[in-house]
Amino acid sequence: MAYRLVGWPEYVFPAPGHVIRSLVEMMDVSVFTGGRPLLIGPAVSIARLIVGFAISIALGGILGLLIWRWEELDKLLGPLFLGLQTLPSVCWVPLAILTMGLNERGILFVLVMGSFFAIAIALRDGLRTIPPIYRQAGLMLGARGWRMYRYVLLPASLPAMVGALRQGFSFAWRSLMGGELFFTAVKHHGLGYLLHLGREDVNAARVVAVMVVMVAIGMAADRWAFGVLQQRVQARFGLG
Amino acid sequence: MSATDSASRLAPPAARPAVGHLSLRHITKRFEGNGTIAVLDDVDIDVKSGEFVVVVGPSGCGKTTLLNIAAGMLAPDQGQVLLDGRPIDGPGPDRAVVFQDHGLFPWLNVSQNISFGLRMAGATRAQRDARVEEALRMVHLVGSARKLVHELSGGMRQRVAIARALVMDPAVLLMDEPFAALDAQNRTLLHQQLQELWLQTRKTILFVTHSVGEAVRLADRIIVMSAHPGRIRREIPVDLPHPRLLDSPAMNELVHLVRKEIEEEVNRVHAAQSAEDFWKPQTPAPVGDHTVGMGDGI
Chain A
58 MAYRLVGWPE YVFPAPGHVI RSLVEMMDVS VFTGGRPLLI GPAVSIARLI VGFAISIALG
118 GILGLLIWRW EELDKLLGPL FLGLQTLPSV CWVPLAILTM GLNERGILFV LVMGSFFAIA
178 IALRDGLRTI PPIYRQAGLM LGARGWRMYR YVLLPASLPA MVGALRQGFS FAWRSLMGGE
238 LFFTAVKHHG LGYLLHLGRE DVNAARVVAV MVVMVAIGMA ADRWAFGVLQ QRVQARFGLG
Chain B
2 MSATDSASRL APPAARPAVG HLSLRHITKR FEGNGTIAVL DDVDIDVKSG EFVVVVGPSG
62 CGKTTLLNIA AGMLAPDQGQ VLLDGRPIDG PGPDRAVVFQ DHGLFPWLNV SQNISFGLRM
122 AGATRAQRDA RVEEALRMVH LVGSARKLVH ELSGGMRQRV AIARALVMDP AVLLMDEPFA
182 ALDAQNRTLL HQQLQELWLQ TRKTILFVTH SVGEAVRLAD RIIVMSAHPG RIRREIPVDL
242 PHPRLLDSPA MNELVHLVRK EIEEEVNRVH AAQSAEDFWK PQTPAPVGDH TVGMGDGI
């Protein structure tokens with residue numbers, strides 16, 4: 058509608074019809090990228106996400122636990138983490154290129170740096186909300202040492218952890234898309250690269266089409282994977 | 002299997018030497034706030050094996066602090082807690098606690114909650130299942146074994162909490178206003194069930210409450226505390242036979258006596274805020290001129 062009213066050409070502001078046409082086109086074999094872009098792109102991105110998010114969970118989990126357990130460490134690192142969380146993840150790209158090079162490791166670096174602070178902070182905050190009575194009850198029932206962690210604190214923090222994962226995921230997905238947009242010289246091409254390619258070709262319809270796919274994947278994961286998980290945990294705990 | 006049979010298996014065998022003698026010796030506890038406040042000042046309580054002792058007192062008399070010290074959750078500034086002659090070392094399953102807010106684990110179902118302590122103690126699955134089954138029967142919750150905590154009523158939650166404590170076969174049961182959050186009907190029901198359980202198992206029980214009616218209904222001995230600082234004001238033995246019925250003249254007499262003690266205490270400290278609770282009559286207390294040979298004087 059808008060472009061017809063204002064008179065913008067199609068390559069500046071695409072109509073929904075153009076976007077849909079682009080989506081269909083990208084399902085076909087492309088000479089530029091080789092293979093079907095809309096199958097390969099998301100597959101590559103999701104594979105990266107799985108690896109990077111796993112690293113992020115491990116790092117963020119350990120760090121979150123540490124800063125929750127030792128207050129001195131939290132005083133030292135907490136503000137730093139909060140500060141780094143405000144840094145847009147694409148700002149890690151130059152450093153990633155310099156230290157890791159233009160390769161897969163660089164992309165993962167951006168993803169991990171863009172998401173694991175959020176996971177650590179969310180986990181710390183979640184652990185802090187565990188009612189002290191669970192700890193007391195656990196001690197009274199003989200849960201000491203590692204058993205306290207494994208059988209009381211870990212399950213008690215489940216609602217918080219699912220929340221941390223959900224938030225961490227959205228950070229990770231955004232960082233990955235940003236990273237891929239810049240790391241165009243790597244062998245495998247993810248969704249971010251398709252976005253970059255659309256711009257190179259001055260094809261706004263394709264750019265918007267790729268954005269639609271990014272949002273769709275992000276929303277689907279948030280709603281169906283993390284949302285469902287969160288609902289289950291909350292139902293178990295009788296929350297909400 | 003009847004409830005009594007199952008109960009007797011949870012109770013310590015007769016051959017075992019009597020356990021559960023809890024001694025609180027010269028307990029003093031201060032909290033730092035706006036100036037130091039002595040919450041407990043030289044409190045000495047001896048709970049004999051199998052005895053049911055109830056501590057009552059106005060808010061701020063430190064009765065919950067006292068229970069937390071007995072549980073090992075808090076360390077006293079002075080004095081010590083002995084269980085069968087040995088000093089206690091932190092919280093442990095030998096002194097099971099029933100909390101006011103139940104403290105059940107929401108990620109576990111009823112039977113998993115009850116078996117938690119046994120699991121920590123390394124009991125096998127078969128042992129756990131058998132004990133949990135018995136405990137469920139004792140608190141009349143066999144049908145709710147698979148339910149989640151949030152699916153239970155307040156009264157049921159406290160019964161699970163009691164089962165969770167009893168299944169550990171503790172030397173002492175510590176109860177911190179366990180029925181304070183329940184409605185009147187549930188409270189009465191749980192008083193009756195707790196009395197039954199106690200008669201079956203003869204556990205040593207230290208019970209803390211602000212309800213005088215509850216104290217008189219359950220206790221072998223009532224300890225009235227004073228506030229600011231928390232001290233023992235008076236000890237009142239209750240020689241009425243168990244299980245006790247509501248509203249017997251003898252009980253009313255005793256309720257009146259204990260309430261008077263607390264009223265005087267409240268007046269003494271001008272704790273106007275906490276006073277209200279105790280001035281509300283819990284039962285119409287018609288004290289006739291008949292004398293009942295119990296409770297009066299020590």
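Residue numbers (the numbering used here), protein chains in the order written: chain A, 58 to 297; chain B, 2 to 299.
The beta carbon of each residue, even a glycine, is placed where N, CA and C say it ideally should be.
Note that the coordinates shown come from a computational prediction; the quantities given were computed from them, not determined experimentally.
Check	Outcome
For residue 237 of chain A, the three-state DSSP class (helix, strand or coil)	helix
Partners in chain A for residue 94 of chain B, counting only beta-carbon separations shorter than 8 Å	197, 198, 199
Chain-ordered residues of the stretch 97-117 of chain B with a beta carbon less than 7 Å from chain A	97, 98, 100, 102, 104, 106, 107, 108, 117
Residue 137 of chain A to residue 224 of chain A span [Cα, whole Å]	19 Å
Proximity below 8 Å, CB of residue 125 of chain A to CB of residue 207 of chain A	no
Beta carbon of residue 262 of chain B nearer than 8 Å to that of residue 234 of chain B	yes
Within-8 Å CB hit, residue 181 of chain B to chain A	no
Reduced DSSP category for residue 16 of chain B - H, G, I as helix; E, B as strand; rest coil	Because the pLDDT at residue 16 of chain B is just 48, under 50, the model does not fix this residue reliably, and the value given afterwards should be weighed accordingly. Note: residue 16 of chain B maps to coil in three-state DSSP.
beta-carbon residue 102 of chain B near the ligand GDP non-hydrogen atom, thresh 7 Å	Ligands are entirely absent from the displayed structure, and the ligand GDP is therefore not among its contents.
Listed by chain order, chain B residues near residue 190 of chain A by CB distance under 8 Å	100, 102, 104
Beta-carbon separation (whole angstroms), residue 59 of chain B vs residue 266 of chain B, contact threshold 8 Å	6 Å
Closer than 8 Å to chain B by CB, residue 293 of chain A	yes
Simplified DSSP state of residue 245 of chain B, which is helix, strand or coil	coil
Cβ pair residue 172 of chain B, residue 84 of chain B closer than 8 Å	yes
Sub-8 Å separation of residue 29 of chain B and residue 47 of chain B beta-carbons	no
Presumed contact (8 Å Cβ cut-off) between residue 234 of chain A and residue 276 of chain A, rounded CB distance	Actually they do not touch by this definition, with Cβ atoms about 13 Å apart.
Residue from A:261, A:248, A:262 with nearest C-alpha to residue 99 of chain A	A:248
Chain-order list of residues whose beta-carbon lies under 6 Å from that of residue 230 of chain A (same chain, five-residue window excluded)	275
Interface flag, residue 139 of chain B vs chain A, CB-CB below 8 Å	no
Short CB-CB distance (under 8 Å) between residue 48 of chain B and chain A	no
Which listed residue (B:129, B:127, B:231, B:105) has its alpha carbon closest to that of residue 150 of chain B	B:105
Outcome for residue 193 of chain A when other beta-carbon atoms lying within 10 angstroms are tallied against a minimum of 16	buried
Rounded straight-line distance, which links the Cα of residue 197 of chain A to that of residue 128 of chain B	20 Å
Chain-ordered neighbours of residue 121 of chain B on chain A, where CB pairs are closer than 9 Å	195, 198, 199, 200, 201, 204, 208
Contact with chain A by residue 157 of chain B, beta-carbon distance below 8 Å	no
Same chain, Cβ closer than 6 Å to residue 218 of chain B, five either side skipped, listed in chain order	192, 245
Range of the contiguous beta strand (DSSP E) that encloses residue 236 of chain B	232-238
Nearest-angstrom Cβ-Cβ length linking residue 239 of chain B and residue 179 of chain B, presumed shorter than 8 Å	That belief does not hold up - the Cβ atoms of residue 239 of chain B and residue 179 of chain B are roughly 19 Å apart, past 8 Å.
Sub-8 Å separation of residue 204 of chain B and residue 174 of chain B beta-carbons	yes
Buried or exposed by the 16-neighbour rule on C-beta atoms within 10 Å, applied to residue 273 of chain B	Note that residue 273 of chain B scores a pLDDT of 45, beneath 50, so its modelled location is shaky and nothing firm can be said.
Within chain A, partners of residue 149 of chain B - CB distance below 7 Å	293, 295
Separation of residue 116 of chain B from residue 251 of chain B, as counted between CA atoms	40 Å
DSSP three-state assignment for residue 220 of chain A, whether helix, strand or coil	helix
Segment contact, 8 Å Cβ cut-off, at least three pairs: the stretch 167-179 of chain A with the stretch 253-263 of chain A	no
Proximal residues to residue 145 of chain B (C-beta, below 6 Å), its chain only, five neighbours per side dropped	111
For residue 253 of chain A, the nearest candidate out of A:94, A:77, A:162, A:217 (CA to CA)	A:94
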